[in-house]
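Working notes for the structure below.
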Amino acid sequence: MPATDAAQAISQLRRHGIYMPARGTFVAAGRDRDVSRMPNPDIRFGICLWPSELMAYIEVDDAFTDAAVRLRQLGPKIVAALQQMQVPLEDLKNRTVGAIEEELTLELVERTPLAVDQVASYLAELLDHVATIIPSCYGADGAQLNTGRGGLRRLASCGLSEVDTALAEIVAPGGSLPDWAETLTSSSIGEDPDFTALPMANDPNIYLVTNHPNFDGANPEQKLSALKASANQTIAAAEAIDDSLQGMFTWLDALLDHLIEVVCERAIDGDQLRQRWESDAWTVIQRLSFVDTDAALAVTRAFPAISDGPLLPGTESE
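Sequential numbering from 40 applies to the sequence shown in this note's numbering.
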């Protein structure tokens, strides 16, 4: 996301986000706090933390427990993966234009897609685990959604409106997943994963070409043309992911708010839970794009990646 969109991003993102402001500005934490004056601030993803605590209040099964643990891990993993992607991606962009095109290296073209693919797979996994925890929030009424667990696309076709019309409108407005979800979502995890909708982070032939014995003997223009075509596809994939993140975070906000309300309506101490889960403790330090890598590294060094508190009820935090 361009730095000029900073104000708009801050106003839209509450519980979720990875937003990096321009150099010299403060990082927004919670709803309106300045983390530069906060002791031990951290990076939070509400939907990643909430299911771990939710297990103390609703009856869960092994699938829910596994999804809750993995969601808790994915918050900091996604942050780290985006950081690992940023530096080589910017380098790749710089070497595909102007006078330094000749500096486009085989190593950079082959390695950068690995970092982009890692981000894409983590985001797809996050959404699949979210699809796993949703049915349990409705108790016995949500049992008919269990066939859709493990895949957001599958969940969207399980008759959401029969369980909760508001949920159906959040997950799949008008019966279809949002555009950003078509970019980030896999159909399922487990035995038969399908990541065909995820953006491909390099030309599908680049590894075949660069490992071919004739590649070294090709003339420089042919080599550069192959490398540049793959580099541009990698850049396009990263930009597609980045463009989709804001939509995903806004969606996660709406979904988490709604699921909190659903659980609190069924819980005996629902009012107290609602106050707790709607507090600033469940919001995030917002960092969406790393347009300024120096500032990104400075913030990374300053903030721990995992929040305080137990990983699961009755266990010690890492």
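Just so you know, even glycine gets a beta-carbon here, dropped at the ideal spot from N, CA and C.
Nearest residue (CA-CA) to residue i, options the options
i    : options                : result
Y96  : C176, V158, T171, E141 : C176
P238 : A275, P252, R109       : A275
N241 : N271, Q112, N185, T224 : N271
E149 : D292, D180, S269, N253 : S269
A277 : L199, L143, T151       : T151
P90  : A107, D101, V99        : A107
L143 : L131, N258, A163, M124 : L131
G178 : E140, R305, T204       : R305
D180 : L199, A163, R192       : L199
Y405 : E260, V126, G256, A265 : Here the chain covers residues 40 to 357 and nothing more, so residue 405 does not appear.
L88  : D310, L291, Q311       : L291
Residue j beta carbon less than 8 Å from that of residue i
i    : j    : result
I86  : L263 : no
A195 : L216 : yes
G190 : A170 : yes
Q183 : V202 : yes
L147 : R134 : yes
V99  : M124 : no
V302 : L93  : yes
T273 : V155 : yes
K267 : E141 : no
A207 : H297 : no
Same chain, Cβ closer than 7 Å to residue i, five either side skipped, listed in chain order
i    : result
Y161 : L113, K116, I117, A120
T249 : L145, E149
L336 : Only weak support is given to the placement of L336: the predicted model assigns it a pLDDT of 46, under 50, and the value that follows is read from those uncertain coordinates. No residues qualify anywhere along the chain.
S283 : W219, T222, L223
A163 : L223, T224, S225, F234, L237
D255 : none
Close-in-space but distant-in-sequence residues of the same chain around residue i (CB under 6 Å, 5 per side omitted)
i    : result
F103 : I172, S175
M77  : Confidence at M77 is low in this model, with a pLDDT of 35, below 50, so the placement of that residue should be treated as unreliable; the coordinate-derived value is given next. If we look at M77 and ignore the five residues flanking it on each side, it has no Cβ neighbours.
H168 : A106, R109, L110
W316 : I299
G309 : C303
A279 : T222, P238
Same chain, Cβ closer than 8 Å to residue i, neighbours up to 5 away in sequence not counted
i    : result
A293 : I209
C197 : Q183, L184, T186, G187
(message) What ranges does the alpha helix (DSSP H) occupy inside the stretch 106-188, keeping only unbroken runs of at least 4 residues that lie completely in it?
(response) Segments of the alpha helix (DSSP H) lying fully in the stretch 106-188: 145-172.
(request) Give, in chain order, every unbroken run of the alpha helix (DSSP H) that is at least 4 residues long and sits entirely within the stretch 230-303. (result) Taking only runs of at least 4 residues, the alpha helix (DSSP H) segments lying wholly in the stretch 230-303 are 245-249.
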